[in-house]
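The structure appears below as structure tokens.
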Amino acid sequence: MMGPAHSIDLSMILFLLLGAGPAATPGQGHPLFRARDLRAGEEVIELVCGGADKDYILEVNGGGLVVADFDLDGHLDLVTVNGSTIDRVRAGKEALPSVLWLGNGSGEFRRGGPEWKLAGGVWGMGGTAGDIDADGDPDLVITEWGRNRVFLNEGGKGFRAVEASGLTGDHWSTSCALLDHDADGKLDLVVINYLEFDLETAAGPGGACRWKGHDVMCGPEGLTPTHDQLFRGNGDGTFVDVSVKSGFRPEKACFGLGVMTLDYDRDGDTDLYVSNDSMPNHLWENQGDGRFVEVGWRRGVSHDSNGREQAGMGIGCADVDGDGRSDLFVTNFSGESNALYRSSRKTGFREKADVARLGGPSIQRLGWGTGMWDYDLDGFIDVSVINGHVYPAADLVGTDTSYAQADQLFLGGPEQRFAERALSSATAGVGRASVSADFDGDGDLDLVVVQMGGPVRFLENRADGIEGRHWFSLTLSATASHPDAIGAHVRVQVGDASYTGEVRTTAGYQAGCSTRLHFGLGAAETLDEVRIEWPSGRVQVLEDVAVNQHLRVTEETE
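Read in order, the letters of the sequence shown correspond to residues 1 to 558 in the UniProt record's numbering.
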């Protein structure tokens, strides 16, 4: 059987032959997304994460992405979190600089000036954004192999680094998310940590470990995992580690990679889901008093459907079946099926990837960033999966896979079964983190994808060109809790159909998403009701709302 990088997609060939003109629309069987290198003018945007040979595990996770309107001009901006090289680390040099790219609302970007400087650090990984000091603008957190960093936004005019943020520990941190776990009106931070890595003692080049008969870098098995951390925010850009006090500390540390915030049990507080590499995934149930209890095994989201541990990478979260409860999607290592955990009021979750037709197509791939959104605006949740192996040796004989891999798009339908399509016009790549947002303001969600050894990719969604497809998006501003309204639950009602979403700042794997919510509506021409459940517990209802608009809603005062 041919590996995924060599399979032939006739629709992609036809797309390339005909060109990207008006005749080549996604409604005619062409890929929904049109791919290009991410640029700022003539500058091609590229991230660095070690060398091409990937001799050390530190070199394989890729860089990060963070989306927010940092300069407050109404357009979404993008931070690319950069890494480093082994030689730079050995020479005592800083990481290559992370950069803020300012969006113009048309899918184009320009490099932020020196006032937005993000230099420093050792080796950047991921990040997230939110109004940490509640002054009306989004601030930034960057995770590192090394000390994690906080940058406060100075009124949309630039960043200021917080030198004593309280983010203790020089760990290898991957993903992170902002939330208000104790409902005190101040943003807290969850940081996911991977493993202990010391370059001086790590097994070096030459193939210290073996995989399918080939020499490869070592890890994570055989290395020491590290505990994740929960920090309570002080509201001024500083934090206090409350991991142990809050119960956010399992008996056994794990190789943490991804994180998702959600209210899985619909009790009004924010729970946490963590994907772990080669170890059970964790579901942390918020007890409503600032404490967490780990319930992953009990709720059915720690293992696959056969009770086996998997190598969890990225996480997606959405209400696939319209029952008002969040479902979870987890990308995994090659040779393993990606997992779809469908929510159930009685048992918690059940793994249904094969039933949903998401399992089999993922076996040969190694998935990373993923998104669960209605990309084609037909009223059903779709799933994007970014793929790429960790071993360049995957291209050698006998691996049944490949290093560069095709990304995937799974289109949802009325029976909660998905149909695989080509994600974009791009060739196979070695993908990592991804984030979805409407960067060009046309009403559908675009994708930005980190590539190893190549430019960051911008995937322009062309669903706006499909006749009869409508959408709705909104930004919430809370008055009785933290202004970002993280954790707010929104239900959109159109006839008998309902669509739900939660406000969050994490895209699942080393990426921070915008707090804007987005809904595809199919042919609906008006919304019967938009019901907002604010973090404060207040409920606000809007009726007869127009489609094809971005709405800003402020929490009503009593």
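We treat Cβ as the ideally placed atom computed from N, Cα and C, and that holds for glycine.
field: Segment limits, beta strand (DSSP E) that includes V259
entry: Unbroken beta strand (DSSP E) run through V259: G256 to L262.
query: With burial defined as no fewer than 16 other Cβ atoms inside 10 Å of the residue's Cβ, what is the status of S514: buried or exposed?
result: Using a 10 angstroms sphere on the CB of S514, the tally of other CB atoms reaches 16 or more, which defines it as buried.
field: Residue nearest to D444 in terms of C-alpha spacing, selected from A68, D289 and F519
entry: Between D444 and the set A68, D289 and F519, the nearest pair of CA atoms involves F519.
message: Out of G324, G126, S334 and A95, which one is the CA nearest neighbour of L78?
response: The residue with the shortest Cα to Cα distance from L78 is G126.
- prompt: Do W471 and L411 have their CB atoms nearer than 7 Å?
  reply: Taking 7 Å as the Cβ cut-off, W471 and L411 do not qualify as a contacting pair.
For W368, the first and last residue of its enclosing alpha helix (DSSP H): For W368, there is no enclosing alpha helix (DSSP H); the residue is found in the beta strand (DSSP E) stretching over G367 to W373.
message: Cutting at 8 Å between CB atoms, please list the residues of its own chain near D53, excluding the five before and the five after it.
response: Only P205 and P392 meet the Cβ criterion.
query: Are the segment 449-463 and the segment 431-439 touching by the rule of at least three beta carbon pairs closer than 8 Å?
result: Yes: at least three Cβ pairs fall under 8 Å.
message: Extract the residue ranges of the alpha helix (DSSP H) inside the segment 66-115, only unbroken runs of 4 or more that lie entirely within it.
response: List check, alpha helix (DSSP H) in window: 86-90.
- prompt: So which of T128, A428, G136 and Q493 has the shortest CA-CA distance to R149?
  reply: For R149, the nearest C-alpha among the options comes from T128.
- request: Would you be able to state if there are at least three C-beta pairs under 8 Å between the segment 228-237 and the segment 159-179?
  value: Taking 8 Å as the limit for Cβ pairs, the verdict is that the segment 228-237 does touch the segment 159-179.
- request: Thinking S425 and P31 are a contact (beta carbons under 8 Å), I'd like their distance in whole angstroms, please.
  value: With 8 Å as the limit, S425 and P31 qualify as a contact, their Cβ atoms being about 5 Å apart.
field: Beta-carbon contacts of V494 that lie in its chain and below 7 Å, excluding the five residues immediately before and after
entry: Cβ neighbours of V494 beyond the five flanking positions: L521, A524, L527 and D528.
task: Just grab the DSSP bridge partners of Y499 for me.
output: As a beta-bridge residue in DSSP terms, Y499 pairs with V492.
- request: Give the DSSP-derived three-state secondary structure of E200 in the structure shown.
  value: It is coil, neither helix nor strand.
query: Assuming F197 contacts I86 under a Cβ cut-off of 8 Å, what Cβ separation, rounded to an integer in Å, is found between them?
result: The C-beta separation of F197 from I86 comes to about 11 Å, leaving the pair out of contact by the 8 Å criterion.
query: Based on the DSSP secondary-structure assignment, which residues constitute the bridge partners of R531?
result: Checking the DSSP bridge columns, you'll see R531 partnered with R491 and V541.
message: On the DSSP letters alone, give me the boundaries of the beta strand (DSSP E) that W471 sits inside.
response: Residue range H470 to S477 is occupied by the beta strand (DSSP E) that includes W471.
- request: From the DSSP output, in three-state form, read off P22 for me.
  value: Low confidence applies to P22: its pLDDT is 38, below 50, so where it sits in the model is not reliable, and the reading given next is rough at best. In the three-state scheme derived from DSSP, where H, G and I count as helix and E and B as strand, P22 is classed as coil.
- prompt: In terms of DSSP beta bridges, what is N276 paired with?
  reply: In the DSSP secondary-structure assignment, N276 is bridged to G256.
message: With a threshold of 8 Å, are at least 3 pairs of Cβ atoms found where one atom belongs to the segment 251-262 and the other to the segment 503-512?
response: Judged by Cβ distances under 8 Å, the segment 251-262 makes contact with the segment 503-512, as three or more pairs qualify.
- prompt: Just how far apart, CA to CA, sit W368 and N281?
  reply: Distance between the alpha carbons of W368 and N281: 15 Å.
- prompt: Thinking just about the alpha-carbon of each residue, which of D544, F439, G312 and R325 is nearest to the one in G370?
  reply: According to the sequence as given, residue 370 is Thr; it is not Gly. Nearest of D544, F439, G312 and R325 to T370, Cα basis: G312.
task: Within its chain, find whatever has a CB closer than 7 Å to the CB of W116; leave out the 5 residues flanking it on each side and keep chain order.
output: Its chain contains L100, G158 and F159 as the residues whose beta carbon lies nearer than 7 Å to that of W116, once the 5 sequence neighbours on both sides are disregarded; these appear in chain order.
field: Cβ-Cβ distance between V190 and L230 below 7 Å
entry: Between V190 and L230, the C-beta spacing is below 7 Å.
query: In this structure, does DSSP put S362 in helix, strand or coil?
result: It is helical.
task: List the endpoints of the continuous alpha helix (DSSP H) containing G296.
output: G296 to R299 is the span of the alpha helix (DSSP H), which, as asked, contains G296.
query: Can you tell me whether G286 is buried or exposed, with buried defined as 16 or more other CB within 10 angstroms of its CB?
result: It should be pointed out that residue 286 corresponds to Asn in this sequence rather than to Gly. N286 is buried by the Cβ-count criterion.
task: Leaving out five residues on either side along the sequence, give the residues of the same chain with a beta carbon under 8 Å from the beta carbon of D133.
output: Only D139, L152, G235, D236 and G237 meet the Cβ criterion.
Helix, strand or coil at D139 [DSSP, three-state]: Strand, per DSSP.
query: Relative to the C-alpha of S344, which residue among G324, S337, C49 and G335 is closest?
result: Per the C-alpha coordinates, the member of G324, S337, C49 and G335 positioned closest to S344 is G324.
- prompt: Among G83, A404, G113 and T479, which residue has its Cα nearest to the Cα of E46?
  reply: The shortest C-alpha separation from E46 is found at G83.
- request: Check I315 in the structure and name its three-state DSSP category.
  value: Three-state result, I315: strand.
- prompt: Does the beta-carbon of K245 have 16 or more other beta-carbons within 10 angstroms, so that it is buried, or is it exposed?
  reply: So K245 counts as exposed.
- request: Starting from the N-terminal side, write out each stretch of the beta strand (DSSP E) that is 3 residues or longer and does not extend beyond the segment 387-460.
  value: Considered as a whole, the segment 387-460 harbours 408-411, 419-422, 431-437 and 446-451 as its complete beta strand (DSSP E) runs of no fewer than 3 residues, in chain order.
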